[in-house]
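Our numbering puts the first residue of the sequence shown at 144, with every later residue one more than the last.
Backbone N, C-alpha and C define an ideal beta-carbon position, used for all residues, glycine too.
Given the structure is predicted, the values throughout are model-derived calculations rather than measurements.
The block underneath contains the structure these notes are about, expressed in structure tokens.
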Amino acid sequence: MPNPVEHLAYIQDMRAFLREQMASLSEGEFWDWLNSQDDDDRDFAVNLMSEPAFSLNDHQIMPGATAHTYHVDPQERIFSYADWRRQPREMVIDKDGRPVVWRKWFLRMGRGAGKTHAGSANVHDFARYLYPGQTGMLVGPNYKDVREVMIEGPSGLIATAPPDFVPVYKPMYSRVEWPNGSRAVIYTADDPQSIRGPSMYWAWADELAKWKSEQSFKNLNRTLRNKHPAGNRMIVTTSPISSQKWVRDIESHPNTITTVASSFDNTEGLDESALADWLREVESGAKAAREEYYAEWQDESDKLWTLSELEALVQDRKATTSLNDMCEKMDNRLLTIDPGGKRDETGMVLLGKQNARKWVLGDFSMPGTKAKWLAEVARVYKDYMKPGDRILVEVNVHRDADEDIRAVCPGAYVVPIHQNQHTGGKEARAQRAQLLYDNNEVDHFRDMPRLHEQMDRFYEVVASKNESPDRVDALVNGLNWYQDNKTRSYEVWSVPRPMFKY
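Here is the structure:
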């Protein structure tokens, strides 16, 4: 029985050698060369090339299985495992001179870069070469994600399995089993306590950006403790669509290797028109696009707004002036509304304008039915607004929202707005509104904790599938409307009277 660590290193070296041969020879020359090898060596090479792991891109290939690199000069022949082990080798060291032995491989990749394919293909190497006959773990955000992405998905374990090593999914037992007896038990991050008990050799943790609890990851890390010549290994695959600090901190854990790849590193596997659309998003300056496609973390300096900056804008911190009095001081008032769906809140923000300055006067956003938010619109209009003031409402989803508001606010000047490709996405619209803050044109009347918190977390909320930035959307629509409808000064011209002939 070969040493499992060296065995996987050998497999990795032979795959790399075969890739190099394919790159340096024409197709005909390659097959002529391969057919000149011994029968056993040729069959071994063909089997390696039939494995999905053979076609991985560089950014999807697992870091070396050992802390050594072997100096192999095949001289155009395929080495046997025994011949390979006799080759000279040297220790691989990091920048601090320490041997590189990894426990966690952190794959931070953009949409479509191939992180799931990388995870599943390399898990087969765990099951076949590194930990044959042993048990590992598959952990996703929830059971549905584990089944539909990690196991049965187009890049999951079943789809990427070598032809002679296809695992069997046994949902009744919540596990996957390979032909050699290796197993992977399914756990989910939405149940941290269930991960506490097991004792395992390896794990694949997918899409940590969607995990709701750091405790799930802590418990997972503690389960990897069974002694083995290879130590314990964890593959972590995620897109950076969350600014949770604990996810980012994993990259700085000891014995962790990070691989970063953008969507554009997988051009062969993605539709050209999709890539072109994504590139346009990036070039538009949307920071969320760089996060989504270039896999870049968005740090504090990349936020559109921060809590500390917003707190500095609050003018009436001690509530010495009533909202009614403040509204009286405005030249005009604007109530901007982003109607919510079944689960989302309705964003409702009252703005005002005094000379050239824009004021965020109040956040009246709320959950509830259409009847409830319409009643709130009527109340705010009656209590704080005057004839001639405008109510701005987005009508993408609630197409009759403007008529509904006119019904409860007779005589109100209601302006429907429809977002489309010309107005840009949420991020682009928010970035445009944020320029007013950069130019020191906006003040906030009072502290509005929930609006400010959503502004601070804007990119994270946009990327989330469980939240919607309704409050910020309403605010942004209003500020951008002010930019598009600046008060104009007019000159009265003396126009000559036309001459008529009778």
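Inclusion of Asn-620 and Ile-534 in the CB contact set at 8 angstroms is not warranted, their separation being larger than that value. DSSP lists Lys-496 as the beta-bridge partner residues of Asn-475. For the pair Gly-505 and Val-390, the Cα-to-Cα distance works out to about 34 angstroms.
Counted as a single uninterrupted DSSP element, the stretch harbouring His-260 is not any beta strand (DSSP E) but the alpha helix (DSSP H) occupying residues 258-268. Note that the C-beta distance between Ala-196 and Ala-152 is not below 8 angstroms.
Beta-bridge analysis with DSSP links Phe-249 to Val-379 and Thr-401. Rounded to the nearest whole angstrom, the C-alpha separation of Met-165 and Arg-614 is 56 angstroms. Per DSSP, Arg-318 is one residue of the beta strand (DSSP E) stretching across 318-320. Annotation: the stretch 495-538 contains the following complete segments of the beta strand (DSSP E) (minimum length 3 residues), in chain order: 500-506 and 533-537. In the three-state DSSP reduction, Arg-368 falls in the coil class, being neither helix nor strand. Counting the other CB atoms within 10 Å of its CB gives Val-540 a total below 16, which places it among the exposed residues.
In this structure, the beta-carbon distance from Trp-345 to Arg-365 does not fall below 8 angstroms.
Residue pairing for Met-343: DSSP places it in a beta bridge opposite Leu-367. Segment contact: the stretch 485-492 against the stretch 566-578, fewer than three CB-CB distances shorter than 8 angstroms; contact not assigned.
When the Cα atoms are used, Ser-359 and Met-252 turn out to be separated by approximately 21 angstroms.
Counting every other CB atom within 10 Å of its CB across the protein chains shown gives Asp-481 a total of 16 or more, marking it as buried.
Uninterrupted beta strand (DSSP E) stretches at least 3 residues long and entirely within the stretch 582-622 occur at 585-587, given in chain order. Assignment of Leu-281 by DSSP, reduced to helix, strand and coil, places it in the strand class. Listed in chain order, the non-local C-beta contacts of Pro-341 below 8 angstroms within the same chain comprise Met-280, Val-328, Tyr-330 and Thr-366, local neighbours out to five positions each way being set aside. Only residues of its own chain outside the window of five on either side were considered, and among them Ala-270, Arg-271, Pro-275, Gly-276 and Phe-308 have a CB closer than 8 angstroms to the CB of Asn-323, listed in chain order. Nearest Cα to Lys-388 within the set Ala-373, Asp-586, Phe-407 and Trp-440: Trp-440. Judged by DSSP secondary structure, Tyr-274 falls outside any alpha helix (DSSP H); it is assigned neither H nor E. Beta-bridge partners assigned by DSSP to Gly-490: Asp-481. In this structure, DSSP gives Ile-204 a state outside helix and strand, which the three-state scheme calls coil. Only exposed fits Arg-460, as fewer than 16 other CB atoms lie within 10 angstroms of its CB. Contact annotation, Val-379 with Ala-348: C-beta distance approximately 5 angstroms; criterion of less than 8 angstroms satisfied.
Bridge pairing for Ile-548: absent [DSSP].
Thr-463 sits in coil when the DSSP states are folded into three classes, being neither helix nor strand. Per DSSP, the beta-bridge partners of Ala-327 are Gly-279 and Val-319. Taking 8 angstroms as the cut-off, the Cβ atoms of Asp-599 and Thr-479 do not count as close. Note on Asp-474: under 16 other CB atoms within 10 angstroms of its CB, so exposed under the neighbour-count rule.
Rounded to the nearest whole angstrom, the C-alpha separation of Ala-332 and Asp-182 is 48 angstroms.
Of Ser-508, Asn-623 and Asp-532, the smallest CA-CA separation from Pro-612 is found for Ser-508.
The beta carbons of Glu-350 and Thr-399 sit no closer together than 8 angstroms. Secondary structure note for Pro-147: its alpha helix (DSSP H) is the uninterrupted segment 147-167.
Put simply, the backbone Cα of Asp-532 is about 37 angstroms away from that of Arg-423.
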